[in-house]
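A.B. asks: Numbering (this note's numbering), first residue to last: 343 to 410.
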Amino acid sequence: MKAVTFNILLFLILSVVIQACGPSADEIRQKEQQETRATQRLVEEEVMVYEAMELIQQQSLLLRKEKI
343 MKAVTFNILL
353 FLILSVVIQA
363 CGPSADEIRQ
373 KEQQETRATQ
383 RLVEEEVMVY
393 EAMELIQQQS
403 LLLRKEKI
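1. How many angstroms separate the CA atom of E386 from the CA atom of I398?
2. Between the alpha carbons of Q372 and G364, how many angstroms are there, rounded?
3. If you draw a straight line from the alpha carbon of D368 to that of L404, how long is it in whole angstroms?
4. Put I398 into one of helix, strand or coil per three-state DSSP.
5. Kindly provide the ranges of any alpha helix (DSSP H) runs that are 4 or more residues long and lie completely inside the region 345–385, ordered along the chain.
Pasting the structure below:
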């Protein structure tokens, strides 16, 4: 009986320790917000690069037309 009680007590203590070692809900939320912001910045940068490439292509076509 002492062994069973000891095992249950040990399990409860380990459960509490494991939960206490993990990140808090606020930390998880902050990390998710940072990841969302980083993703948004990447998307914005990709759009800017695409628009710049489109502009360069248009200018190149205009220069070709002027040469002809």
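For each residue, glycine too, the CB sits at the ideal point set by N, CA and C.
C.D. replies: Put simply:
1. Position 44 of the sequence shown, counted from the first residue, corresponds to residue 386. Position 56 of the sequence shown, counted from the first residue, corresponds to residue 398. The straight-line gap from Cα to Cα measures roughly 18 Å.
2. Along the sequence shown, one-based indexing puts residue 372 at 30. Along the sequence shown, one-based indexing puts residue 364 at 22. Going from the Cα of Q372 to the Cα of G364 covers about 14 Å.
3. Within the sequence shown, residue 368 is the residue found at index 26, counting from 1. Within the sequence shown, residue 404 is the residue found at index 62, counting from 1. Linking D368 to L404 through their CA atoms gives a straight-line distance of about 54 Å.
4. For this step, residue 398 is matched to residue 56 along the sequence shown. Helix, per DSSP.
5. Those alpha helix (DSSP H) runs which fall completely within the region 345–385 and span 4+ residues do not exist here.
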